[in-house]
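In this text, residue positions in the sequence shown follow my numbering: the first is 61, and each later residue adds one. One structure below.
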Amino acid sequence: MADRSSQETGDRTYGGFTRFELELEFVQCLANPWYMNHLAVQKYLEVPEFVAYLDYLQYFKEAKYAKYLIYPGPTLQALELLQQERFRKDIVDQNVVFHLINEGLKAGTERP
């Protein structure tokens, strides 16, 4: 049970984690194309409330939050792609997943 001071400051915890920590963990999972595919196959990407939640998570683009992302490039790209209805439908196709993986591998091996 959360103590009174954490309730008063709005720092509620869920299973011992703050809301920010849970949202950070979730948004980082989006960098995995197979996870996005899983969400599409399970039809989460068709639920308006879930799509609205993805829109809400755009706050991770702000520098003060993006600094906590382990893989900011792929995470923010995935978050941006998921704002597009066409992509939310296309990601159910495994060929799209393979394309994203190949693009990520290319980006990871290119030198500036």
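Cβ atoms here follow ideal geometry from the backbone N, Cα and C, with glycine treated the same way.
**Request:** Pick out whichever of A91, L99, D150, L105 has its Cα sitting closest to the Cα of Q137.
**Result:** Here residue 137 is taken as the residue at index 77 of the sequence shown, counted from 1. Restricting attention to A91, L99, D150, L105, the CA atom closest to the CA of Q137 is found in A91.
**Asked** Mapping DSSP to helix, strand and coil, what is Y74?
**Response** As a working mapping, residue 74 is identified with position 14 in the sequence shown. In this structure, Y74 counts as strand in the three-state DSSP scheme.
**R72 to L84 span [Cα, whole Å]** = Taking the first residue of the sequence shown as position 1, residue 72 is located at position 12. Taking the first residue of the sequence shown as position 1, residue 84 is located at position 24. Looking at the two C-alpha atoms, the distance is approximately 15 Å.
**Message:** Tell me which residue opens and which closes the alpha helix (DSSP H) that A112 is part of.
**Reply:** Here residue 112 is taken as the residue at index 52 of the sequence shown, counted from 1. Residues 108 to 116.
**Message:** Quick check: F120 and A112, are their CB atoms within less than 8 Å of each other?
**Reply:** The residue you call residue 120 lines up with position 60 of the sequence shown. The residue you call residue 112 lines up with position 52 of the sequence shown. Result no, Cβ atoms of F120 and A112 do not sit closer than 8 Å.
**Item:** C-beta contact flag for P108 and V157 at 8 Å
**Value:** The residue you call residue 108 lines up with position 48 of the sequence shown. The residue you call residue 157 lines up with position 97 of the sequence shown. Their beta carbons are not under 8 Å apart, which means P108 does not touch V157 by this criterion.
**Message:** Just to confirm, is the Cβ distance from T135 to V101 under 8 Å?
**Reply:** As a position in the sequence shown, residue 135 is number 75, starting the count at 1. As a position in the sequence shown, residue 101 is number 41, starting the count at 1. The answer is no: Cβ separation not under 8 Å.
**Request:** Just the C-alpha distance for Q154 and E140, rounded to the nearest angstrom, thanks.
**Result:** The residue given as residue 154 occupies position 94 in the sequence shown. The residue given as residue 140 occupies position 80 in the sequence shown. Q154 and E140 have their C-alpha atoms some 19 Å from each other.
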